[in-house]
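**Student:**
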Amino acid sequence: MNAVATVPFHLDRLDPAQMSRTAHDFADRMAARRSVREFSSEPVPLDVVEQAIRAAATAPSGANLQPWRFVVLTDPERKRALRHAAEAEEREFYARRAPQEWLAAVADMGTDWHKPFLETAPVVIVVFEVHQGPNTPKPYYVKESVGIAVGVLITALHLAGLATLTHTPVPMRFLNEICERPAEERACVVMPVGRPADGVTVPALTRKPLPEVLVRH
1 MNAVATVPFH
11 LDRLDPAQMS
21 RTAHDFADRM
31 AARRSVREFS
41 SEPVPLDVVE
51 QAIRAAATAP
61 SGANLQPWRF
71 VVLTDPERKR
81 ALRHAAEAEE
91 REFYARRAPQ
101 EWLAAVADMG
111 TDWHKPFLET
121 APVVIVVFEV
131 HQGPNTPKPY
141 YVKESVGIAV
151 GVLITALHLA
161 GLATLTHTPV
171 PMRFLNEICE
181 RPAEERACVV
191 MPVGRPADGV
201 TVPALTRKPL
211 PEVLVRH
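Residues 1 to 217 (UniProt numbering) are what the sequence shown spells out, left to right.
(1) Near residue 65, which residues of its chain fall below 6 angstroms by C-beta distance, leaving aside the five closest residues on each side in sequence?
(2) Going by DSSP in three states, residue 73 sits in which element: helix, strand or coil?
(3) What residues match up with residue 68 in a beta bridge as DSSP calls it?
(4) In the DSSP assignment, find the unbroken beta strand (DSSP E) run with residue 29 in it and report its ends.
(5) Taking the C-alpha atoms as reference points, what is the distance between residue 148 and residue 95?
(6) Using 8 angstroms as the cut-off, can you tell me whether the segment 90-108 makes contact with the segment 45-57, which would need three or more C-beta pairs spanning the two stretches below that distance?
(7) Taking CB distances under 8 angstroms as the criterion, tell me whether residue 149 reaches chain C.
(8) Taking the straight line between their C-alpha atoms, what separation do you get for residue 178 and residue 19?
(9) Would you mind stating whether residue 159 and residue 193 have Cβ atoms separated by less than 8 angstroms?
(10) Who are the near neighbours of residue 136 in its chain, counting only those whose CB is closer than 7 angstroms to its CB and skipping five residues on each side?
(11) If I follow the unbroken alpha helix (DSSP H) through residue 142, where does it start and stop?
(12) By Cβ distance below 7 angstroms, which residues in the same chain neighbour residue 146 in space, the five residues on each side in sequence not counted?
(13) For residue 39, name the three-state secondary structure that DSSP assigns.
Right, here's the structure in full:
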């Protein structure tokens, strides 16, 4: 078995004060992140979106197989087709398939089957999991790997001044046709991206305090 080639690794060595300041600043910036459902149609620099995806693609993955694909939609007709197909699935979900517990959990958030943000946002990113296929090897820990990458993507977009939302219509096979992707790729999340609409509001949610989510031993 051949040994894996290695290269030197460097990580900036910060003093404790710098480490603390950096960690606090990052946590404060991320604390301001919110999911947005109303977007301005104002175009955004595609280079910024591409660099956010570049950051997402640095995420760790099982056996370093990087089982993700990021499809960027800006074409109005394709976004319109995406919205119509997603709303058809969501209408069925909210009317017949959604558990009552779910409907009760989101009742105060004002969410329903209407998804205009899929059309008004200047960019929509569809994230696909890449599974084994004719030209792709068997991947490992696909959902975990892609989930981490999506988290990096959300973070990168937020720090670049762009809002997003993770939308998961069920089922999602229609996205393969709209995005022209092969069967071994399976959509896992749809992310409208852009600047928030003027005057947009978000639910007054609170996050669990650190002592409630942090356990020390």
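Just so it is clear, CB atoms sit at the ideal spot from N, CA and C, and this is done for glycine as well.
**Tutor:** From the atom records:
(1) Position 65 of the sequence shown, counting from 1, holds the residue named residue 65. If the five residues before and after residue 65 are omitted, its C-beta is found closer than 6 angstroms to the C-beta atoms of 139, all from its own chain and listed in chain order.
(2) Sequence index remark: in the sequence shown, residue 73 carries index 73 (1-based). Looking at residue 73 - three-state DSSP - the assignment turns out to be strand.
(3) The count along the sequence shown starts at 1 and reaches residue 68 at position 68. Residue 68 pairs with 129.
(4) Residue numbering aside, residue 29 sits at position 29 when the sequence shown is read from its first letter. Premise fails: residue 29 lies in the alpha helix (DSSP H), 16-31, not in any beta strand (DSSP E).
(5) The sequence position of residue 148 within the sequence shown is 148, counting from 1. The sequence position of residue 95 within the sequence shown is 95, counting from 1. Approximately 32 angstroms, taken between the alpha carbons.
(6) no
(7) No chain C is present in this structure, which holds just one protein chain.
(8) Residue numbering aside, residue 178 sits at position 178 when the sequence shown is read from its first letter. Residue numbering aside, residue 19 sits at position 19 when the sequence shown is read from its first letter. Cα to Cα, the separation comes out at about 45 angstroms.
(9) On the sequence shown, residue 159 is found 159 positions in, with the first residue counted as 1. On the sequence shown, residue 193 is found 193 positions in, with the first residue counted as 1. Cβ distance not < 8 angstroms, so residue 159 and residue 193 don't count as in contact.
(10) For the purposes of this step, residue 136 is taken as the residue at position 136 of the sequence shown. Correct list, in chain order: 130 and 184.
(11) Stepping through the sequence shown from its first residue, residue 142 is reached at position 142. Where residue 142 is concerned, the enclosing alpha helix (DSSP H) stretches over 142-159.
(12) In the sequence shown, residue 146 corresponds to position 146, counting from 1. If we look at residue 146 and ignore the five residues flanking it on each side, its Cβ neighbours are 67, 68, 127, 129 and 188.
(13) The residue given as residue 39 occupies position 39 in the sequence shown. In the structure shown, residue 39 sits in a strand (DSSP, three-state: E or B).
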